[in-house]
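K.L.:
First the structure, then my questions, so here it is.
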Amino acid sequence: MTNCAFDVYRKLCILFTRNIHISDMLECMNISSVYIYGMGEIGEICCNDLENYGNTKIISKYDKKYNLSFEVLNKSNDPIIITPVNYFNEIRDDLISNGIDPKRLLSLPQIFLIYEYLKLSGQNNFSFGNTKEFLIVGAGFDNKGSEAMAFVTIKELNDRFKDCIIWLVPNTNHDMYKNNSYRMICLDDGFERGSIYDEISPRLTAVIDISGYALSSEKGFGGTTRILTNLRKAYDYNTPYYFMPQSYGPIDYPKYMLAELKELFSSARIVYTRESYGNLLLKNTLNLKNTMPSYDLVLQNKSLDKSDVYFHLPKSTNISKYKIENGVIIVPNTNLLRYRSLAELKSIYKIMIDHLLYIGKQVHIVPHSDDTRLCEDIYSDYTNANNVYLWNELQDSFEFSDIVKHADFIIGSRYHAIIHSYKCLIPCIALGWAAKYNELLSAFDQKEFSLEIRSHINSETIITLIDKMEENRTNEKEKIKKILYQIQNTNCFDILNELI
Numbered sequence: 000m001t002n003c004a005f006d007v008y009r010k011l012c013i014l015f016t017r018n019i020h021i022s023d024m025l026e027c028m029n030i031s032s033v034y035i036y037g038m039g040e041i042g043e044i045c046c047n048d049l050e051n052y053g054n055t056k057i058i059s060k061y062d063k064k065y066n067l068s069f070e071v072l073n074k075s076n077d078p079i080i081i082t083p084v085n086y087f088n089e090i091r092d093d094l095i096s097n098g099i100d101p102k103r104l105l106s107l108p109q110i111f112l113i114y115e116y117l118k119l120s121g122q123n124n125f126s127f128g129n130t131k132e133f134l135i136v137g138a139g140f141d142n143k144g145s146e147a148m149a150f151v152t153i154k155e156l157n158d159r160f161k162d163c164i165i166w167l168v169p170n171t172n173h174d175m176y177k178n179n180s181y182r183m184i185c186l187d188d189g190f191e192r193g194s195i196y197d198e199i200s201p202r203l204t205a206v207i208d209i210s211g212y213a214l215s216s217e218k219g220f221g222g223t224t225r226i227l228t229n230l231r232k233a234y235d236y237n238t239p240y241y242f243m244p245q246s247y248g249p250i251d252y253p254k255y256m257l258a259e260l261k262e263l264f265s266s267a268r269i270v271y272t273r274e275s276y277g278n279l280l281l282k283n284t285l286n287l288k289n290t291m292p293s294y295d296l297v298l299q300n301k302s303l304d305k306s307d308v309y310f311h312l313p314k315s316t317n318i319s320k321y322k323i324e325n326g327v328i329i330v331p332n333t334n335l336l337r338y339r340s341l342a343e344l345k346s347i348y349k350i351m352i353d354h355l356l357y358i359g360k361q362v363h364i365v366p367h368s369d370d371t372r373l374c375e376d377i378y379s380d381y382t383n384a385n386n387v388y389l390w391n392e393l394q395d396s397f398e399f400s401d402i403v404k405h406a407d408f409i410i411g412s413r414y415h416a417i418i419h420s421y422k423c424l425i426p427c428i429a430l431g432w433a434a435k436y437n438e439l440l441s442a443f444d445q446k447e448f449s450l451e452i453r454s455h456i457n458s459e460t461i462i463t464l465i466d467k468m469e470e471n472r473t474n475e476k477e478k479i480k481k482i483l484y485q486i487q488n489t490n491c492f493d494i495l496n497e498l499i
């Protein structure tokens, strides 16, 4: 739902055709009386509808053409519906400067979204301005690791805060947000000024940042700019901001940006760091006092079902297309191409696949995120080979876990592919490109099964490592099981209990 006049008109027409009126939506939100700001065409439509249908009371109407002051909006603390489209922010700033609480302000697009969410969830205890509302930032469902982090966050919030509202601003636009009935409200109009995210910011209970790996000068300023925008909004409204476990660094930014990073990161309630490198970097460079080491949030979660995430379960893909028996799953990562050419990378994977076939293994090449093209390139040498299979992109991270648990082990380059593997008690050989891989494998006493793409890798090393994994995978599985149990005795989301 975007905040533009055409969409608002269209949505109203659709709802009226279905005999759903504005009062129905407001009553669903337990709002019995409102103010109307703006008596343009949409304002007139709202007033006419409220006056002719339902029981919602209009306390007063305001329009700058006729009213000399905002006194008519202060007869009570009831919600104010802002009807002029595309001017919400300007109106809000004007009202704030005249002493009106921004938490009272609603737009029609907000009402549409909340109403649809409440109807889907069957929730009837919503209280505008009192129900806790959380915003998840830093996730993008084109990446199954990021998606899994969002899924866990949705579950953890709902477990702790019954009947809360969960908003999510995705990093990327994708049809899946519209096609699936997630237990959240997706704001696909982004995070810049003028978006619905900007509208709801004043009344958020907390912002949960699950970026994974965004603050890094090595990756450009895009992710950093996004984080700073989110932090500024939270800072402006004194909203608690929680950085859930993620990677950081390097942070070779200009001095002015480092100064702002220091101030804004210091305002966060907690900055969980997945790696000791990131923890030390933030402490030493930004002099942060609010950092704390923590394992990946997906790893800490003990259980997650599709019903925790979806109102209506999506239609599954045919994940039993290839039966995995005596099989090894290979999960590439396009980020490896930052360090090796495609030809070099294919050569490394060819050594792996040829040896796996030699020792009698099935090989399944599986894209975990936006790695389909690389998977196809690797598979191109084996299109006529027996026991080498290329999987189409899977529906979601649940389906990825469903196939991983049938493997003898995986060879993974996606961080969360390894996380999912360990959660399924499946050993892994990691072909990594950052410190996070080494620290993850070290935590599970698996460091010997780590390959570093930035270093020279010869065929003898690869073959020896595969043979060692094949010989010892039962013992490695037991190691993983014991360590996973210890890790899951803690939960980074427990800090949110302070908001209860």
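According to numbering that gives the first Met the number 0, the sequence shown is numbered sequentially starting from 0.
Here a beta-carbon is modelled for each residue, glycine too, at the ideal position from N, C-alpha and C.
Closer than 8 Å is the cut-off here; do at least three beta carbon pairs connect the stretch 296–316 with the stretch 404–413?
P.N.:
The answer is no - the stretch 404–413 does not touch the stretch 296–316, with fewer than three Cβ pairs under 8 Å.
K.L.:
For residue 295, count neighbouring C-beta atoms within 10 Å of its own C-beta (all shown protein chains included) and say buried if the count is 16 or more, exposed if not.
P.N.:
buried
K.L.:
Using alpha carbons as the reference points, say which of 484, 462, 429 and 292 lies closest to residue 276.
P.N.:
292
K.L.:
Hey, would you say residue 164 sits closer than 8 Å to residue 113, going by beta carbons?
P.N.:
yes
K.L.:
Along the chain, where does the beta strand (DSSP E) containing residue 272 start, and where does it finish?
P.N.:
For residue 272, the enclosing beta strand (DSSP E) starts and ends at 269–272.
K.L.:
Does the stretch 405–419 come within contact of the stretch 364–380, defined as at least 3 CB pairs closer than 8 Å?
P.N.:
yes
K.L.:
Below 6 Å CB to CB, which residues in the same chain sit around residue 392 once its five sequence neighbours on both sides are set aside?
P.N.:
366 and 371
K.L.:
Report the start-end ranges of each beta strand (DSSP E) in the stretch 70–150 that is 3 residues or longer and not cut off at the edges.
P.N.:
79–81, 104–106 and 132–136
K.L.:
Go through its chain and collect everything with a Cβ distance to residue 106's Cβ below 6 Å, but skip five positions before and after it.
P.N.:
81, 87 and 198
K.L.:
Thinking residue 22 and residue 53 are a contact (beta carbons under 8 Å), I'd like their distance in whole angstroms, please.
P.N.:
2 Å
K.L.:
Secondary structure at residue 290, three-state DSSP: helix, strand or coil?
P.N.:
strand
K.L.:
Verify whether the separation of the beta carbon atoms of residue 167 and residue 147 is less than 8 Å.
P.N.:
no
K.L.:
If distances are taken between C-alpha atoms only, which option among 247, 44, 333 and 283 comes closest to residue 142?
P.N.:
333
K.L.:
Looking at the structure shown, is residue 389 part of a helix, part of a strand, or coil, going by DSSP?
P.N.:
strand
K.L.:
Look at residue 502 and residue 465 and say whether their C-beta atoms are less than 8 Å apart.
P.N.:
A query on residue 502 cannot be resolved here, the shown segment of the chain reaching from 0 to 499 and no further.
K.L.:
Bridge partners of residue 208, per DSSP?
P.N.:
136 and 242
K.L.:
Answer yes or no: do residue 352 and residue 330 have a C-beta to C-beta separation smaller than 8 Å?
P.N.:
Cβ distance not < 8 Å, so residue 352 and residue 330 don't count as in contact.
K.L.:
Alpha carbon to alpha carbon, what distance is there between residue 454 and residue 0?
P.N.:
Low confidence applies here, because residue 0 scores a pLDDT of 47, under 50, leaving its location unreliable; read the following figure in that light. If I take the Cα positions, the gap works out to 47 Å.
K.L.:
Could you work out which residue in 270, 300, 26 and 42 is closest to residue 8 when comparing CA atoms only?
P.N.:
42
K.L.:
So, for residue 101: in the same chain, excluding its five sequence neighbours on each side, which residues have a beta-carbon less than 6 Å away from its beta-carbon?
P.N.:
91, 95 and 201
K.L.:
Using alpha carbons as the reference points, say which of 35, 108 and 116 lies closest to residue 77.
P.N.:
35
K.L.:
Taking the DSSP output, what are the residues bridged to residue 362?
P.N.:
327 and 387
K.L.:
Buried or exposed: which applies to residue 211, given that a residue is buried once 16 or more other Cβ atoms fall within 10 Å of its Cβ?
P.N.:
Residue 211 comes out buried.
K.L.:
Residue range of the beta strand (DSSP E) that residue 306 falls in?
P.N.:
Taken as a continuous stretch (DSSP letters only), residue 306 belongs to no beta strand (DSSP E), as it is neither H nor E.
K.L.:
Given a cut-off of 8 Å, decide if residue 422 and residue 298 are closer than it, judged by their beta-carbon atoms.
P.N.:
yes
K.L.:
Quick one: what does DSSP say residue 40 is sitting in, helix, strand or coil?
P.N.:
Of the three classes helix, strand and coil, the one that applies to residue 40 here is helix, per DSSP.
K.L.:
Answer yes or no: do residue 109 and residue 44 have a C-beta to C-beta separation smaller than 8 Å?
P.N.:
no
K.L.:
Check each candidate in 79, 47 and 48 and name the one with the smallest Cα separation from residue 58.
P.N.:
79
K.L.:
Alpha helix (DSSP H) containing residue 438: first to last residue?
P.N.:
434–442
K.L.:
So, for residue 476: in the same chain, excluding its five sequence neighbours on each side, which residues have a beta-carbon less than 8 Å away from its beta-carbon?
P.N.:
424, 425 and 426
K.L.:
Residue 183 and residue 491 look like a contact to me (Cβ under 8 Å); what is the Cβ gap, rounded to whole Å?
P.N.:
Their Cβ separation, rounded to whole angstroms, is 19 Å, which puts residue 183 and residue 491 out of contact at 8 Å.
K.L.:
Which residue wins for smallest C-alpha separation from residue 361, given the options 327, 251 and 93?
P.N.:
Residue 361 has its Cα closest to that of 327, out of 327, 251 and 93.
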